[in-house]
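Participant: Below are the structure tokens for one structure; questions will follow.
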Amino acid sequence: MIYLELFLTFLQIGAVSFGGGYAMISLIREKVLMHGWLTEEELLNMIAVSESTPGPIAVNMATFVGSMQGGILGSFLATLGVVLPSFIIILIIAALIRNFLKYKGVQAFLGSIRPCVVGLILATAITMLMSTLFSFKNIDSTVIPDIKGLIIFFMIAVAAAVTKKIRKKPLSPILLILISAGLGMVMYSI
Amino acid sequence: MKKYLNLFFIMLKIGLFTFGGGYAMIALLENEFVSKKKWIEKNEFLDMVAIAESTPGPIAINSATYIGYKMLGFFGALIATVAVCIPSFIIIYAISLFFDAFLSFTLVSYAFRGIQVCVIWLILSAGLKMLKQMKKTPFNIVILSIVITCMVAFSVFSVSFSTIFYILISGAVGLFVYLIGSLRGRKEADK
């Protein structure tokens, strides 16, 4: 039953991903790869689309995956799933527990989740880097470096670092995505 | 009734114009609800931001639910949350209908190969930025290194271990350390 599966999977994602945005990507990645709903490349495409369209990444992801797997109803149920935990938790906090963040136990719990989330994001970036740019998915796969991809990665990193030095303001993700689209068209056409 | 409609349209507008996720949205929310309309006080808004960041789920949804509830109770929360989701739902649903066809153009697929690389870089730099802001206590560094090592190693050796466990175990360890600490504190106070 794909509808129930979509709903429950995105309900889980909504219920335990702390930190918003990029922090949710590691759990979304795990779930969509595990169910075979997206490949690594499709996932990266979708993150780019989410970054370039308005709205939270998690909602965009749920809508897209839901639509691919179960049409409009799948799309609706996945989005409902990812939003519902937030809605309920915030209602409870706003209505009942006014000093939620003042409890020492809550602080201790949330405080140690923070380094964990940073670790999850970094580890996700590392595994994505290995699997996309080196086709290194696990110990059995042969390493084939994607030279053109590595050159693009290097150019983006340099562009971002240089503009940050000169303009004191980082390049917006959308601009970086546009630059990399141009680089991709040029590099892979050669 | 007018207030409900007002809330609905403001949230719809915010949902339509927030690019780049939660943090971008908080600035827009503050502008609308604190500076312009004065529906929420500055202090209450800051409390809201802290809660939206520390609870699970997208920050944008958490903020919308909270503000909606504070303004107009349960139905306010419902209206605000639905309104903030509608734009992205419609846009992404429309994109999902023709995305595969779009990708079948060779040049577009090349562009997306470049974009994929960029996204990895974006995630990596987001992680590094958070690492810079993180308090470098020994406890935090231990948790961080264990999580990175385990996650990369498990993926290399194809061991399945859900992200959910990392989060819950880290939280539980933090709580445990705190409880031990406060228990010890109490014993010393008894002496």
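Chains A and B are the protein sequences, given in the same order.
The first sequence begins at 1 in this note's numbering and counts up by one.
The second sequence begins at 1 in this note's numbering and counts up by one.
Think of the CB as a built atom: it goes at the ideal place given N, C-alpha and C, for glycine as much as any other residue.
Check whether the segment 88 to 105 of chain A touches the segment 130 to 140 of chain B, counting contact only when three or more Cβ pairs, one atom from each stretch, lie closer than 8 Å.
Facilitator: Verdict: no, contact absent.
Participant: To test your reading of the DSSP string, which unbroken alpha helix (DSSP H) runs of 4 or more residues are found completely within the segment 103 to 160 of chain B?
Facilitator: If we require 4 residues or more, the alpha helix (DSSP H) runs fully inside the segment 103 to 160 of chain B come out as 106 to 133, 138 to 156.
Participant: When you compare each of B:Ile141, B:Cys118, B:Val159, B:Asn140 to A:Ser172 by their alpha carbons, which one comes out closest?
Facilitator: Counted from its first residue, the first sequence places residue 172 of chain A at position 172. Closest by alpha carbon: B:Cys118.
Participant: Determine the DSSP secondary structure at A:Val143, reduced to helix, strand or coil.
Facilitator: In the first sequence, residue 143 of chain A corresponds to position 143, counting from 1. DSSP places A:Val143 in coil when its eight states are reduced to three.
Participant: DSSP on A:Arg98, reduced to helix/strand/coil?
Facilitator: Position 98 of the first sequence holds residue 98 of chain A. Note: A:Arg98 maps to coil in three-state DSSP.
Participant: Quick one: which residues of the segment 33 to 55 of chain A get their C-beta closer than 8 Å to a C-beta of chain B? List them in chain order.
Facilitator: Result list: Met34, Glu41, Leu44, Asn45, Ile47, Ala48, Val49, Ser50, Glu51, Ser52, Thr53, Pro54, Gly55.
Participant: Helix, strand or coil: how does DSSP classify A:Gly20 here?
Facilitator: Taking the first residue of the first sequence as position 1, residue 20 of chain A is located at position 20. In the structure shown, A:Gly20 sits in coil (DSSP, three-state: anything other than H, G, I, E or B).
Participant: If you measure beta-carbon to beta-carbon, which residues of the segment 167 to 184 of chain A are closer than 8 Å to chain B?
Facilitator: So the close ones are Ser172, Pro173, Ile174, Leu176, Ile177, Ile179, Ser180, Ala181, Gly182, Leu183, Gly184.
Participant: Count Cβ pairs between the segment 56 to 66 of chain B and the segment 25 to 38 of chain A that sit closer than 8 Å; are there 3 or more?
Facilitator: They do not touch, by the three-pair rule.
Participant: Indicate whether A:Tyr22 and B:Ile167 have their beta-carbon atoms separated by less than 8 Å.
Facilitator: Indexing the first sequence from 1 puts residue 22 of chain A at position 22. Indexing the second sequence from 1 puts residue 167 of chain B at position 167. For A:Tyr22 and B:Ile167, no; Cβs fall outside 8 Å.
Participant: Once DSSP output is grouped into helix, strand and coil, what is the label at A:Pro173?
Facilitator: In the first sequence, the residue the question calls residue 173 of chain A occupies position 173. A:Pro173: helix per DSSP, three-state reduction.
Participant: Looking at the structure shown, is B:Ile40 part of a helix, part of a strand, or coil, going by DSSP?
Facilitator: Numbered from its first residue, the second sequence carries residue 40 of chain B at position 40. The answer is coil: DSSP assigns B:Ile40 none of H, G, I, E or B.
Participant: Quick one: residues in its chain with C-beta nearer than 8 Å to the C-beta of A:Leu11, no 5 flanking neighbours on either side, listed in chain order?
Facilitator: For the purposes of this step, residue 11 of chain A is taken as residue 11 along the first sequence, with counting starting at 1. Once the five neighbours on either side are set aside, the close Cβ partners of A:Leu11 are Gly81, Val82, Leu84, Pro85.
Participant: Please name the residue in B:Pro87, B:Glu44, B:Ile91 whose C-alpha comes closest to that of B:Lys70.
Facilitator: Taking the first residue of the second sequence as position 1, residue 70 of chain B is located at position 70. Answer by Cα proximity: B:Glu44.
Participant: So with Cβ pairs under 8 Å, would you call B:Met192 a contact of chain A?
Facilitator: Nothing about residue 192 of chain B can be reported from this structure: the residues present for chain B run from 1 to 191 only.
Participant: Report the CB separation of A:Glu41 from B:Gln116 in whole angstroms; it is logged as a contact under 8 Å.
Facilitator: What you label residue 41 of chain A is simply residue 41 of the first sequence in a count that begins at 1. What you label residue 116 of chain B is simply residue 116 of the second sequence in a count that begins at 1. Yes, they are in contact, since the Cβ atoms of A:Glu41 and B:Gln116 sit about 6 Å apart, within 8 Å.
Participant: Give the DSSP-derived three-state secondary structure of A:Asn138 in the structure shown.
Facilitator: Taking the first sequence and counting its residues from 1, one reaches residue 138 of chain A at position 138. DSSP places A:Asn138 in coil when its eight states are reduced to three.
Participant: In the DSSP assignment, find the alpha helix (DSSP H) that holds B:Val34 and state where it starts and stops.
Facilitator: Working through the second sequence from its first residue, we reach residue 34 of chain B at position 34. Unbroken run through B:Val34: none, as it is neither H nor E.
Participant: Measure the alpha-carbon distance for A:Thr132 versus B:Ser109 and round it to whole angstroms.
Facilitator: Stepping through the first sequence from its first residue, residue 132 of chain A is reached at position 132. Stepping through the second sequence from its first residue, residue 109 of chain B is reached at position 109. Approximately 15 Å, taken between the alpha carbons.
Participant: A:Gly66 by DSSP, collapsed to three states: which one?
Facilitator: Residue 66 of chain A sits at position 66 when you count from the first residue of the first sequence. DSSP places A:Gly66 in helix when its eight states are reduced to three.
Participant: Could you tell me whether the Cβ atoms of A:Thr79 and B:Phe8 are closer together than 8 Å?
Facilitator: Against the first sequence, residue 79 of chain A aligns to sequence position 79. Against the second sequence, residue 8 of chain B aligns to sequence position 8. Against a cut-off of 8 Å, the Cβ pair of B:Phe8 and A:Thr79 comes out as no contact.
Participant: If you reduce the DSSP assignment to three classes, tell me which class B:Ser162 lands in.
Facilitator: Residue mapping note: residue 162 of chain B aligns to position 162 of the second sequence, counting from 1. Reduced to three states, the DSSP call for B:Ser162 is coil.
Participant: Got a sec: is the Cβ-Cβ distance from B:Met1 to anything in chain A below 8 Å?
Facilitator: In the second sequence, counting from the first residue as 1, residue 1 of chain B sits at position 1. No, B:Met1 does not count as interfacial toward chain A.
Participant: Considering only the beta carbon of each residue, do B:Phe17 and A:Pro54 sit closer than 8 Å?
Facilitator: Within the second sequence, the letter at position 17 stands for residue 17 of chain B. Within the first sequence, the letter at position 54 stands for residue 54 of chain A. Contact flag set, yes.
Participant: Restricting to Cα atoms, I'd like to know which of B:Lys36, B:Asp47, B:Leu72, B:Val147 is closest to B:Leu5.
Facilitator: As a first step, residue 5 of chain B must be located in the second sequence, where it is residue number 5. Minimum Cα distance to B:Leu5 is reached at B:Leu72.
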